[in-house]
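In full-length UniProt numbering, the protein residues as written are 1 to 308.
A virtual CB, placed ideally from N, CA and C, is assigned to each residue, including glycine.
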Amino acid sequence: MLSLRNLVKVYPGPVTALRGVDLEVPRGMFGLLGPNGAGKSTLMKILSGLLEPTSGEVTLDGMDLVRHPEALRPHLGYLPQEFGFYPYLSGQDMLRYLLELKGVTAPQGLKALVAQLLERVNLTFAAKRKVKEYSGGMRQRLGIAQALAGDPKLIIVDEPTAGLDPEERQRFYRLLAEIAHERTVLLSTHIVEDVAMLCPRFAVIRQGRVVAITSPSEAKAALHDTLFEGTVPPADMASFQQAWRVTQAVLFEGRNRVRIHLPPGTPTPPGFERTTPTLEDAYLLLMKDAPEPTAPAAVPTQTPAVSA
Ligand SMILES: Nc1ncnc2c1ncn2[C@@H]1O[C@H](COP(=O)(O)OP(=O)(O)OP(=O)(O)O)[C@@H](O)[C@H]1O
1 MLSLRNLVKV YPGPVTALRG VDLEVPRGMF GLLGPNGAGK STLMKILSGL
51 LEPTSGEVTL DGMDLVRHPE ALRPHLGYLP QEFGFYPYLS GQDMLRYLLE
101 LKGVTAPQGL KALVAQLLER VNLTFAAKRK VKEYSGGMRQ RLGIAQALAG
151 DPKLIIVDEP TAGLDPEERQ RFYRLLAEIA HERTVLLSTH IVEDVAMLCP
201 RFAVIRQGRV VAITSPSEAK AALHDTLFEG TVPPADMASF QQAWRVTQAV
251 LFEGRNRVRI HLPPGTPTPP GFERTTPTLE DAYLLLMKDA PEPTAPAAVP
301 TQTPAVSA
């Protein structure tokens with residue numbers, strides 16, 4: 001179990017990126033969903049030992065990771081948002097180099113481990129190809145291969161599906177779901193579909209605060225019978241938005257289809273019909289409803305050793 005207690009991060013500026021985050025992350029896949037700037041990458045960097053928190057506590061199975069970040073390293077795999085690959089190396093040479101950097105030792109030898117990891121992420125067929133010839137999805141799978149080395153208890157993946165086409169995304173989802181069987185995988189994303197597809201539970205983070213901890217089905221069930229959909233002419237949209245709680249407005253077959261949330265018993269606007277809530281509706285309502293943050297939960301006490 002990964003536990004975060006009152007985690008605060010204030011960057012020089014000062015910019016308060018985390019305002020007292022409390023979270024219990026069990027085994028399996030857990031999502032961290034939030035818009036750009038919510039504090040997800042800051043949290044991921046703290047968990048991966050790249051950034052010191054200003055205050056607060058992080059433990060993994062009881063190990064204190066803030067005081068003893070070195071104790072974490074053997075148990076951690078990290079796939080950052082930006083992954084530095086050498087384009088002219090082959091996939092297998094790149095992976096070997098990354099394992100050497102990480103200090104991974106293999107009783108059967110690094111060559112065998114590289115082959116095993118490439119097999120695990122379905123890249124054996126491209127082992128000898130240069131990384132510059134890999135698709136976005138293949139690169140992400142290579143990133144997961146290095147994160148899996150050493151069989152870590154915790155794998156952190158930061159915005160892993162950004163830029164992948166739908167087919168690559170599906171393949172990557174399958175791989176993440178498989179590797180989450182035996183460990184904790186913390187998936188940070190601003191893509192609601194990532195969470196809907198993969199995460200039995202997730203936290204929503206906004207402006208440095210956790211505003212909800214739920215599951216995709218719980219979040220949708222909470223909106224049961226309260227979501228309605230209809231068409232609004234684009235010219236009327238501004239006034240409509242003032243009058244109703246709009247969750248989403250999308251063009252569908254050239255028409256402006258609008259979804260609204262109505263508390264039970266409220267009259268519906270003409271032409272609107274009840275519809276099935278989606279996780280996107282639940283998330284967008286949470287983003288609207290969560291209170292604006294006030295002061296940070298703690299005062300900065302030390303300067304970070306590394307700033308991102
Ligand atoms: N090194 C830094 N110095 C100062 N402020 C920073 C630094 N890094 C991040 N921030 C600020 O901290 C806040 C949280 O940023 P963070 O990158 O953690 O958010 P995020 O949820 O990961 O967003 P994104 O999805 O865009 O990566 C933002 O206001 C950001 O501008």
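Secondary structure of residue i, DSSP reduced to three states
i, result
"Ala298", "With a pLDDT of 39 at Ala298, under the threshold of 50, the predicted position of this residue should be treated as unreliable, and no value is reported."
"residue 309", "Since the first residue shown for the chain is 1 and the last is 308, residue 309 is missing from the structure and cannot be characterised."
"Thr59", "strand"
"residue 370", "Residue 370 is absent from the model: the chain starts at 1 and stops at 308."
"Ser3", "strand"
"Val211", "strand"
"Ile179", "helix"
"Tyr97", "helix"
"Arg19", "strand"
"residue 368", "Residue 368 falls outside the range modelled here, since the chain spans only 1 to 308, and no answer is possible."
"Phe240", "helix"
"Thr42", "helix"
"Gly49", "coil"
"Ala222", "coil"
"His190", "coil"
"Gln92", "helix"
"Ala308", "With a pLDDT of 29 at Ala308, under the threshold of 50, the predicted position of this residue should be treated as unreliable, though the coordinate-derived value follows. Coil at Ala308, not helix or strand."
"Gln248", "strand"
"Gly31", "strand"
"Glu133", "helix"
"Val232", "coil"
"residue 327", "One cannot answer for residue 327 here, as it falls past the ends of the chain, which runs 1 to 308."
"Ala203", "strand"
"His261", "strand"
Residue i, buried or exposed, once every other Cβ within 10 Å from all chains shown has been counted against 16
i, result
"Gly103", "exposed"
"Tyr283", "buried"
"Gly150", "buried"
"Glu159", "buried"
"Gly84", "exposed"
"Gln108", "exposed"
"Gln242", "exposed"
"Gly265", "exposed"
"Val114", "buried"
"Leu101", "exposed"
"Met138", "buried"
"Met1", "exposed"
"Thr105", "exposed"
Residue i Cβ short of 6 Å to ligand 1 heavy atom set
i, result
"Val15", "yes"
"Asn256", "no"
"Ala282", "no"
"Gly39", "yes"
"Thr42", "yes"
"Tyr78", "no"
"Ala11", "For the sequence presented, residue 11 should be read as Tyr rather than Ala. At least one heavy atom of ligand 1 is nearer than 6 Å to the Cβ of Tyr11, so yes."
"Asn36", "yes"
Any chain D beta carbon closer than 7 Å to residue i
i, result
"Ala177", "The structure shown contains no chain D; it holds only a single protein chain."
Take every Cβ of the region 222-232, pair it with every Cβ of the region 265-281, and state whether three or more of those distances are shorter than 8 Å.
yes
Closer than 8 Å is the cut-off here; do at least three beta carbon pairs connect the region 17-24 with the region 59-70?
no
Is it a yes or a no for the region 167-185 touching the region 250-265, going by three-plus beta-carbon pairs under 8 Å?
no
With a cut-off of 8 Å, do at least 3 Cβ pairs link the region 70-86 to the region 134-153?
yes
Is there contact here, the region 42-58 with the region 3-11, by at least three beta-carbon pairs under 8 Å?
yes
Count the C-beta pairs between the region 26-45 and the region 192-210 that are closer than 8 Å, then say yes if the count reaches three, no if not.
yes
Quick check: the region 202-213 against the region 32-47, are there 3 or more CB pairs under 8 Å?
yes
Do three or more CB pairs link the region 119-139 to the region 40-50 at distances below 8 Å?
no
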